[in-house]
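K.L.:
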Amino acid sequence: MKLVTAEEMRRIDAAAIEKYAIPGIVLMENAGRQVTEAVREMLLEDPAAHVLIVCGKGNNGGDGLVVARHLVNQGVHVQVALLADARDLTGDAATNLRMAQNLGVRITEDADEAAVRMMTERADLIVDAVLGTGTTGEVHGVSAGAIDAINLSHARVVSVDIPSGVRADTGAVAGRAVRAEATVTFGLPKLGLVQYPGRELCGELRVADISLPHPLLVSDSLKAELVDADLAEALLPARFPAMHKGDAGRALVVAGSVGMTGAAALCATAATRAGAGLVTLACPASLNDILEVKCTEAMTIPMPETPQRSLDASARKEVLERASRSDAVALGPGLSQDPGTAELVRTTVKPIPVPLVLDADGLNCLGGDPGLLLDRQAGTVLTPHPGELARLLGTTPEGIEEDRVAAARRAARIARSVVVLKGAATVIAEPEGYVWVNTTGNCGMASGGMGDVLTGIILAFLAGGAEPVAAAVAGVYYHGLAADLAAETGGRGLLASDVVERLREVFPD
């Protein structure tokens with residue numbers, strides 16, 4: 079399913095009205111009816127419940143007035159708190175206000191925070207129709223007061239299109255925002271509803287069909303997509319009955335340093351669990367014995383090392399030789415940033431002739447110079463967390479988190495690589511600007527080694543023949559899905575090795 083910004087959704091609405099001649103008031107009516115259905119479902123347990131609908135003066139408030147009219151027609155006790163003078167409403171919102179007034183809906187005009195707070199005390203369910211997707215600056219005035227009153231209430235809350243105060247493009251909060259139990263969004267999900275904190279504030283997300291023409295909702299001009307099971311399965315490398323281990327892909331992992339053998343082992347083991355036919359782990363020579371014990375299925379190769387027991391620049395020739403006999407390479411887990419290791423990375427990334435996953439210290443060793451990747455002849459996947467991406471782009475982790483989609487797009491464009499920006503609601507971006515936002519995963523993944531497992535999964539898919547974008551998108555989805563399965567018995571204390579153990583269960587037969 080496509081994802082949209084506020085401006086893209088505005089253009090879709092405008093095209094529906096202008097090109098397809100669907101009146102705006104019809105779209106508003108359909109939107110309100112969909113919210114009404116959601117409210118009625120929530121009222122099944124308490125048919126005598128009192129519903130408060132808090133409406134701003136814009137089209138979001140107009141949607142709320144449609145809900146009020148339908149609920150009153152269905153015998154529900156409804157009160158509307160209108161945060162404006164009736165004369166401030168225009169267009170379709172004003173038309174729906176008149177219809178609601180003619181029907182006898184109880185409407186309190188110019189409701190201030192105190193009035194809204196009193197009404198919330200009597201409400202069993204609140205419909206939040208205060209602000210829509212156009213929120214940009216800080217919420218202030220009567221809207222801010224209404225949001226505070228809604229959040230202080232003990233009533234259930236349904237938001238119309240987006241929780242008031244959530245920025246539609248990023249999921250950031252404009253100072254304050256409604257915390258909803260459910261959100262009914264229209265046509266397509268907004269990017270801010272699938273990124274945190276907006277993803278948490280919206281509660282259960284329902285995408286409602288309001289009769290927008292299908293061609294508008296699948297247009298190639300929309301450059302963002304939600305990753306779901308169907309998409310992930312379609313991107314998996316093919317398997318066939320007569321294949322042998324060579325057909326399943328030869329994967330090379332270049333990883334490890336003293337104290338960081340776990341990262342190397344997790345990456346190699348995840349690659350085998352994700353279906354790579356042959357996995358080879360190139361590691362510092364003095365660590366080879368322990369990694370042979372840790373990695374039963376993967377082969378190990380002792381490589382020249384620095385005095386600090388990390389891979390040395392003199393390993394370059396052998397790494398490139400091994401890479402030329404592989405179908406894909408992962409470089410970075412647990413490498414360290416020793417000067418000799420950094421030189422190895424910086425002089426090796428360009429000539430590696432096969433698809434490459436660059437992770438962790440592999441990224442850090444670039445020294446903030448994504449130009450080292452520009453002339454690579456094969457595909458590249460970068461898997462940074464916000465701190466690593468900040469170093470690569472010369473900014474701060476906070477700057478990355480302000481707009482994760484924009485940051486991932488920028489990095490993909492600059493490095494001419496597929497970028498996997500890790501974190502809650504992982505973002506995958508490709509150089510031409512298309513992005514995907516993942517739907518799987520949980521907070522139990524906030525533990526060491528999870529990124530090494532992800533690198534191994536993506537490596538396996540690359541080695542199996544998947545294109546870099548496909549390997550990254552599918553890898554992120556199945557990594558999170560395995561973690562969701564592992565968390566069914568408890569998320570706290572979830573280990574990266576627990577995720578590896580559940581990988582076989584997530585792939586379709």
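The opening residue of the sequence shown carries number 79 in my numbering; numbering runs sequentially from there. We put the beta carbon where it would ideally sit given N, CA and C, even for glycine.
#1: Within its chain, find whatever has a CB closer than 6 Å to the CB of Asp390; leave out the 5 residues flanking it on each side and keep chain order.
#2: Please list the segments of the alpha helix (DSSP H) lying wholly inside the stretch 282-347, counting only runs of 4 or more residues, in order along the chain.
#3: Would Val513 pass as a contact of Thr458 if the rule is Cβ separation under 8 Å?
#4: Are the CB atoms of Thr425 and Val394 within a distance shorter than 8 Å?
#5: What ranges does the alpha helix (DSSP H) occupy inside the stretch 400-445, keeping only unbroken runs of at least 4 residues that lie completely in it?
#6: Between Arg494 and Leu452, how many whole angstroms is the CB-CB distance? I'm expecting something under 8 Å.
#7: For the beta strand (DSSP E) containing Arg184, name the first residue and the last one.
#8: With contact counted as at least three CB pairs below 8 Å, one residue from each stretch, are the stretch 353-370 and the stretch 550-557 in contact?
#9: Taking buried to mean at least 16 other C-beta atoms within 10 Å of its own C-beta, is Ala438 buried or exposed?
#10: For Arg488, I'd like the list of residues in its chain whose CB is within less than 8 Å of its CB, leaving aside the five on either flank, ordered along the chain.
#11: Is the beta carbon of Ala468 sitting closer than 8 Å to the one on Ile506?
#12: Whose CA, out of Val132, Thr518, Pro429, lies closest to the CA of Arg195?
#13: For the alpha helix (DSSP H) containing Arg570, list its first residue and its last residue.
#14: If you draw a straight line from the alpha carbon of Ser404 to that of Ala538, how long is it in whole angstroms?
#15: Does DSSP put Met79 in a helix, a strand or coil?
#16: Leaving out the 5 sequence neighbours to the left and right, which residues in its chain are closer than 6 Å to Glu508 when beta-carbon positions are compared?
#17: Determine the burial state of Asn180: buried for a count of at least 16 other Cβ atoms within 10 Å of its Cβ, exposed for fewer.
#18: Between the C-alpha atoms of Val285 and Gly445, what's the straight-line distance to the nearest angstrom?
#19: Starting from the Cα of Glu545, find the closest Cα among Leu313, Ala564, Pro267 and give me that residue.
#20: Going by other Cβ atoms of all chains shown within 10 Å of its Cβ, with 16 needed for buried, is Glu466 buried or exposed?
#21: According to the Cβ coordinates, are Ala227 and Thr198 closer than 8 Å?
#22: Terminal residues of the continuous beta strand (DSSP E) containing His155?
#23: Specify, as a first and last residue, the run of the alpha helix (DSSP H) that Ser221 falls within.
#24: Which value, in whole angstroms, describes the spacing of the CA atoms of Gly200 and Asn229?
#25: Is Met260 helix, strand or coil when you go by DSSP?
#26: What residue range does the alpha helix (DSSP H) around His148 cover?
#27: Based on the DSSP secondary-structure assignment, which residues constitute the bridge partners of Glu480?
#28: If you follow the alpha helix (DSSP H) that Val251 is in, where does it begin and where does it stop?
#29: Assuming Arg570 contacts Gly526 (C-beta within less than 8 Å), just tell me the rounded distance between them.
#30: In this structure, how does DSSP classify Glu383 when only helix, strand and coil are distinguished?
#31: Excluding the 5 residues preceding and the 5 following Asp481 in the sequence, name in chain order all residues of the same chain whose CB lies nearer than 6 Å to its CB.
#32: Comparing alpha-carbon positions, which option in Phe264, Ala342, Leu161 lies nearest Leu413?
#33: Starting from Met377, follow its DSSP beta bridges and name the residues at the other end.
#34: Would you mind sorting Lys97 into buried or exposed? The rule is 16 or more other CB atoms within 10 Å of its CB.
#35: Have a look at the DSSP bridge pairing and note the partners of Leu460.
#36: Taking 7 Å as the cut-off, is the C-beta of Val397 nearer than that to any heavy atom in the ligand SAH?
P.N.:
According to the data block:
#1: To locate residue 390, count along the sequence shown from 1; it is residue 312. In its chain, beyond the 5 residues on either side, Pro382, Glu383, Thr384, Gly418 have a beta carbon closer than 6 Å to the beta carbon of Asp390.
#2: Within the stretch 282-347, the alpha helix (DSSP H) runs of at least 4 residues that lie entirely inside it are, in chain order, 292-295, 307-313.
#3: Counting from one through the sequence shown, the residue named residue 513 turns up at place 435. Counting from one through the sequence shown, the residue named residue 458 turns up at place 380. Contact: no.
#4: For the purposes of this step, residue 394 is taken as the residue at position 316 of the sequence shown. For the purposes of this step, residue 425 is taken as the residue at position 347 of the sequence shown. Reading off the sequence shown, one finds Arg at residue 394, where the question assumed Val. Taking 8 Å as the cut-off, the beta carbon of Arg394 is found closer than this to the beta carbon of Thr425.
#5: Within the stretch 400-445, the complete alpha helix (DSSP H) runs of at least 4 residues are 417-426, 439-442.
#6: In the sequence shown, residue 494 corresponds to position 416, counting from 1. In the sequence shown, residue 452 corresponds to position 374, counting from 1. That belief holds up - the Cβ atoms of Arg494 and Leu452 are roughly 6 Å apart, short of 8 Å.
#7: Mapped onto the sequence shown, residue 184 falls at position 106. That run of the beta strand (DSSP E) goes 184-186.
#8: In short, these stretches do not touch, since the Cβ pair count stays below three.
#9: For the purposes of this step, residue 438 is identified with residue 360 of the sequence shown, where counting begins at 1. Counting Cβ neighbours within 10 Å, Ala438 comes out buried, since at least 16 surround it.
#10: Position 410 of the sequence shown, counted from the start, is the residue given in the question as residue 488. Around Arg488: Leu471.
#11: If you number the sequence shown from 1, residue 468 lands on position 390. If you number the sequence shown from 1, residue 506 lands on position 428. Contact: no.
#12: Locating residue 195 in the sequence shown gives position 117, where the first residue counts as 1. It is Val132 whose Cα lies nearest to the Cα of Arg195.
#13: Reading the sequence shown from its first residue, position 492 is the one you call residue 570. Counting along the chain, Arg570 falls outside any alpha helix (DSSP H), and DSSP gives it neither H nor E.
#14: Along the sequence shown, one-based indexing puts residue 404 at 326. Along the sequence shown, one-based indexing puts residue 538 at 460. Taking the Cα positions, Ser404 is about 11 Å away from Ala538.
#15: Your numbering for residue 79 matches position 1 in the sequence shown. Three-state result, Met79: coil.
#16: Numbered from its first residue, the sequence shown carries residue 508 at position 430. Residues Ala490, Val496, Val547 of the same chain have their beta carbon placed closer than 6 Å to that of Glu508, with the five preceding and five following residues left out of the count.
#17: As a working mapping, residue 180 is identified with position 102 in the sequence shown. With fewer than 16 other CB atoms across the displayed protein chains lying within 10 angstroms of its CB, Asn180 is exposed.
#18: Along the sequence shown, one-based indexing puts residue 285 at 207. Along the sequence shown, one-based indexing puts residue 445 at 367. Their backbone Cα atoms lie some 43 Å apart in a straight line.
#19: Counting from one through the sequence shown, the residue named residue 545 turns up at place 467. Looking at the Cα atoms, Leu313 is the closest of the given residues.
#20: The residue you call residue 466 lines up with position 388 of the sequence shown. Buried is the call here.
#21: In the sequence shown, residue 227 corresponds to position 149, counting from 1. In the sequence shown, residue 198 corresponds to position 120, counting from 1. In this structure, the beta-carbon distance from Ala227 to Thr198 falls below 8 Å.
#22: Position 77 of the sequence shown holds residue 155. From DSSP, the beta strand (DSSP E) with His155 extends over 155-160.
#23: By 1-based counting over the sequence shown, the position of residue 221 is 143. Note, Ser221: alpha helix (DSSP H), 219-230.
#24: Within the sequence shown, the letter at position 122 stands for residue 200. Within the sequence shown, the letter at position 151 stands for residue 229. A small correction: the amino acid at residue 200 is Arg; Gly does not occupy that position in the sequence shown. Going by C-alpha positions, Arg200 is about 14 Å away from Asn229.
#25: Mapped onto the sequence shown, residue 260 falls at position 182. Here the sequence assigns Ala to residue 260, which means Met is not the residue at that position. Three-state DSSP puts Ala260 in a strand.
#26: For the purposes of this step, residue 148 is taken as residue 70 along the sequence shown, with counting starting at 1. His148 -> alpha helix (DSSP H) spans 137-151.
#27: Residue numbering aside, residue 480 sits at position 402 when the sequence shown is read from its first letter. Partner residues in a beta bridge of Glu480, as assigned by DSSP, do not exist.
#28: Locating residue 251 in the sequence shown gives position 173, where the first residue counts as 1. Unbroken run through Val251: none, as it is neither H nor E.
#29: Against the sequence shown, residue 570 aligns to sequence position 492. Against the sequence shown, residue 526 aligns to sequence position 448. About 15 Å separates the CB atoms of Arg570 and Gly526; that is not less than 8 Å, and the two are not in contact.
#30: Counting from one through the sequence shown, the residue named residue 383 turns up at place 305. In this structure, Glu383 counts as strand in the three-state DSSP scheme.
#31: As a working note, residue 481 is residue 403 in the sequence shown. Once the five neighbours on either side are set aside, the close Cβ partners of Asp481 are Thr248.
#32: For the purposes of this step, residue 413 is identified with residue 335 of the sequence shown, where counting begins at 1. It is Ala342.
#33: Here residue 377 refers to the residue found at position 299 of the sequence shown. The partner list for Met377 (beta bridge, DSSP) reads Thr358.
#34: By one-based count along the sequence shown, residue 97 stands at place 19. So Lys97 ends up on the exposed side.
#35: Within the sequence shown, numbered from 1, the residue matching residue 460 stands at position 382. In DSSP, Leu460 forms a bridge with Leu436, Val497.
#36: Here there are no bound small molecules, and the ligand SAH is not part of this structure.
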